[in-house]
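Quick note: the sequence shown, position 183, residue 183 per the working numbering, numbers continuous. We treat Cβ as the ideally placed atom computed from N, Cα and C, and that holds for glycine.
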Amino acid sequence: MSFSEPECDTGSPGDRSVTFETHRAALERLAYRMLGSVADAHDMVQDTWLRWAEVETATIREPRAWLLRACSRRCLDHLKSARVQRERYPGPWLPEPLVCDGVVTGEWAADLAGAARVELDESVSMALLTAMERLSPAERAALLLHDVFDHDYAEVAATLRRTEAACRKLVSRARQQLRRTPSREETTVSAQDHQRLLREFLRAASAGDFEGLKAVLRENVAFHADGGGKATAAGKVLWGAAQVARFFVGVVARSGARYEANQLRWCWYNGAPGVVVLDAPGGQPRTAFSIRIEDGRIAELFALRNPDKLKVFARAGE
Numbered sequence: 001m002s003f004s005e006p007e008c009d010t011g012s013p014g015d016r017s018v019t020f021e022t023h024r025a026a027l028e029r030l031a032y033r034m035l036g037s038v039a040d041a042h043d044m045v046q047d048t049w050l051r052w053a054e055v056e057t058a059t060i061r062e063p064r065a066w067l068l069r070a071c072s073r074r075c076l077d078h079l080k081s082a083r084v085q086r087e088r089y090p091g092p093w094l095p096e097p098l099v100c101d102g103v104v105t106g107e108w109a110a111d112l113a114g115a116a117r118v119e120l121d122e123s124v125s126m127a128l129l130t131a132m133e134r135l136s137p138a139e140r141a142a143l144l145l146h147d148v149f150d151h152d153y154a155e156v157a158a159t160l161r162r163t164e165a166a167c168r169k170l171v172s173r174a175r176q177q178l179r180r181t182p183s184r185e186e187t188t189v190s191a192q193d194h195q196r197l198l199r200e201f202l203r204a205a206s207a208g209d210f211e212g213l214k215a216v217l218r219e220n221v222a223f224h225a226d227g228g229g230k231a232t233a234a235g236k237v238l239w240g241a242a243q244v245a246r247f248f249v250g251v252v253a254r255s256g257a258r259y260e261a262n263q264l265r266w267c268w269y270n271g272a273p274g275v276v277v278l279d280a281p282g283g284q285p286r287t288a289f290s291i292r293i294e295d296g297r298i299a300e301l302f303a304l305r306n307p308d309k310l311k312v313f314a315r316a317g318e
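Have a look at this one:
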């Protein structure tokens, strides 16, 4: 099979639309993993649709491969400019949250008992997407296409317009980079583990309990807080249980911040359980916390504070 980008005659506009909609979800998954932004992912998928609606002549035997290739190339072009913007971003940058529809509830613990249908998805986790920011656009695309979307190296090479050997090197370098920055959890970690540790963390943070915080944090924990220059947040990644615990004890001492049960909204976003802290009972999202677990403790803690990125939680709770 040739993986060059042929022109295409897909029949009537209705047939084209049906074919595109069949693969829309895969395109959105790819674009979000590439860009870390739901809005940008939607834009790239729309651009792909516009291209799909215009192509003519030769029949495409593999519409999915053609569409994923076209979407990947648009994402690559966009990512090159987005990386420049992120280098100027005030403080740590975190992906825009991907909220699972229908899972946000007021009291989520009851849902967990029957949540076998909801599985942890590391391919959209905050930890992995944040670690992937260290990759070049080409490394990121090659890794996703090969390891997540199961494309062979011939398909990856056609998409990136490189040789198969070059693409093998891209994937190898990407894997090495990610191994240097652990971003995966043990397979034994469950949704219940996430919620339990988040509860223990919030309880200790509310009490300003330094030792209690250290007890739930790994010694080499990393804390990423994204305020986007629009909300107060740590201006850099904080490392180590003692430093992270001191930070939260200081927040409580300065602001009197508490994480009361009636201000918490448990939800499922970026493939794992998380919790949204409201500014008042029934109020607006103030912070969203999620974690990565290692050896039974919090190895990475992510706090979304940028109000632009928190809007999705307000919509999900309506």
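- By alpha-carbon distance to Ser290, the top candidate from Val252, Ala253, Phe201 is Phe201.
- Excluding five sequence positions before and after Arg286, the CB atoms of its chain that fall closer than 7 Å to its own CB belong to Val277, Leu278, Asp279, given in chain order.
- In the assembly as shown, Leu197 is a buried residue. Its beta-carbon has 16 or more other beta-carbons within 10 Å.
- Distance between Tyr259 and Arg173, taken at the CA atoms: about 41 Å.
- Non-local beta-carbon contacts of Asp308 in its own chain, meaning distances under 8 Å to residues more than five positions away in sequence, involve Gly228, Lys230 in chain order.
- Contact check between the stretch 247-267 and the stretch 204-213: three or more CB pairs, one atom from each, fall below 8 Å, which counts as touching.
- The continuous stretches of beta strand (DSSP E) do not include Thr48, which lies in the alpha helix (DSSP H) extending over residues 38-54.
- By the beta-carbon neighbour count (other beta carbons within 10 angstroms, threshold 16), Leu264 is buried.
- Assignment of Pro273 by DSSP, reduced to helix, strand and coil, places it in the strand class.
- An exposed status is given to Ala53, since fewer than 16 other beta-carbon atoms sit within 10 Å of its beta-carbon.
- Per the Cβ contact rule, the stretch 242-253 is not in contact with the stretch 160-180 (fewer than 3 Cβ pairs under 8 Å).
- Looking only at Leu76, Gly91, Val18, the smallest Cα-Cα distance to Ala303 is reached by Gly91.
- For the 7 Å CB-CB criterion, Ala158 and Arg218 do not form a contact.
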